[in-house]
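K.L.:
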Amino acid sequence: MADAQSHDQERVALRRSPKLSAFVLVSIVVGFFATLILTGLYPADPSVGFTTLFAYFALYGIAGTVGVGIVLWLLVDMRSRRRVREVTMQRDAAEPS
0 MADAQSHDQE
10 RVALRRSPKL
20 SAFVLVSIVV
30 GFFATLILTG
40 LYPADPSVGF
50 TTLFAYFALY
60 GIAGTVGVGI
70 VLWLLVDMRS
80 RRRVREVTMQ
90 RDAAEPS
């Protein structure tokens, strides 16, 4: 059985990495509203209708902003890797109760 007084120390790297899901969700919302605004600025073709035109352009608008959001996430993630801090962690042996 290990001695209760012994402590293992280990060097670990800490960094604050961004969440991909937050970047994707925000870019979906931005793409949706940007497509809605840009589609509404111009008159819709009466034979097609506004809803169909918006849905068609939303495919490209949302996909494009998601791509931009992922690229932005990659840049922020690369920046967070440069700001890595190394700390010493100490492991305590917990006694079972």
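If you're matching positions, the sequence shown starts at 0 in numbering that gives the first Met the number 0 and goes up one per residue.
Just so it is clear, CB atoms sit at the ideal spot from N, CA and C, and this is done for glycine as well.
Every value quoted in this text rests on a predicted model; they were computed, and no experiment measured them.
1. With respect to the alpha helix (DSSP H) encompassing Val65, which residues constitute its N-terminal and C-terminal limits?
2. Counting C-beta neighbours from all protein chains within 10 Å, is the total for Gly68 16 or more, i.e. buried, or is it exposed?
3. Once DSSP output is grouped into helix, strand and coil, what is the label at Ala12?
4. Less than 9 Å between the beta carbons of Gly60 and Phe49, yes or no?
P.N.:
Taking the coordinates as given:
1. Along the sequence shown, one-based indexing puts residue 65 at 66. Per DSSP, Val65 belongs to the alpha helix (DSSP H) from 49-81.
2. Here residue 68 is taken as the residue at index 69 of the sequence shown, counted from 1. Gly68 counts as buried, since no fewer than 16 other beta carbons sit within 10 angstroms of its beta carbon.
3. Counting from one through the sequence shown, the residue named residue 12 turns up at place 13. In the three-state reduction of the DSSP assignment, Ala12 falls in the strand class.
4. Within the sequence shown, the letter at position 61 stands for residue 60. Within the sequence shown, the letter at position 50 stands for residue 49. Not a contact, by the Cβ cut-off of 9 Å.
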